[in-house]
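In the numbering used here, the protein residues as written are 353 to 466. Using N, Cα and C, we set each Cβ at its ideal position, and we do this for glycine too.
Here it is in structure tokens:
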């Protein structure tokens, strides 16, 4: 992650901007797991890696009775997250010079993370 940030955002400006903007749509008032900046290298997409990354966190959330929240940044990730039990919540956020971010929420699914 450090090398990636140094290559694409050496001054950390973009990450800070995204953090400030997404804070405005982030749910408050209820404990939850926040899955932030999930990604798989384009040449490795379609191999189940994204599902495995997210599923490992969701299994723990299900065991602990904890909901999960994330923002999807494209139609493919939205479909993946919907298959994993997430639903759209709230209005999307259009990042300046970036993708539209769709806020998504998932309630724990007892018995799944056992």
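Residue 413 to residue 372 span [Cα, whole Å] = In the chain shown, residue 413 corresponds to position 61, counting from 1. In the chain shown, residue 372 corresponds to position 20, counting from 1. Using only the alpha carbons, I get a separation of about 25 Å.
Around the Cβ of residue 401, are there at least 16 other Cβ atoms within 10 angstroms (buried) or fewer (exposed)?
-> On the chain shown, position 49 is the one that residue 401 refers to. Exposed, by the Cβ-count rule.
Count the other C-beta atoms from every protein chain shown that fall within 10 angstroms of the C-beta of residue 456, then say buried if there are 16 or more, exposed otherwise.
-> As a working note, residue 456 is residue 104 in the chain shown. It counts as buried.
If you run the structure through DSSP and keep just helix, strand and coil, what is residue 446?
-> Along the chain shown, one-based indexing puts residue 446 at 94. In this structure, residue 446 counts as strand in the three-state DSSP scheme.
Of all the alpha helix (DSSP H) runs that stay within the bounds of the region 410-458, which reach a length of 4 or more residues?
-> 427-435
Neighbour-count burial assignment, residue 395, 16 or more Cβ in a 10 Å radius = Residue numbering aside, residue 395 sits at position 43 when the chain shown is read from its first letter. Classification for residue 395: exposed.
Once you ignore the five residues that flank residue 436 on each side, which residues in its own chain have a CB closer than 8 Å to its CB?
-> Counting from 1 along the chain shown, the entry for residue 436 is found at position 84. Within the same chain, residue 436 has close Cβ partners 403, 406, 407, 410 and 458.
Please classify residue 385: does DSSP put it in a helix, a strand, or coil?
-> For this step, residue 385 is matched to residue 33 along the chain shown. Reduced to three states, the DSSP call for residue 385 is strand.
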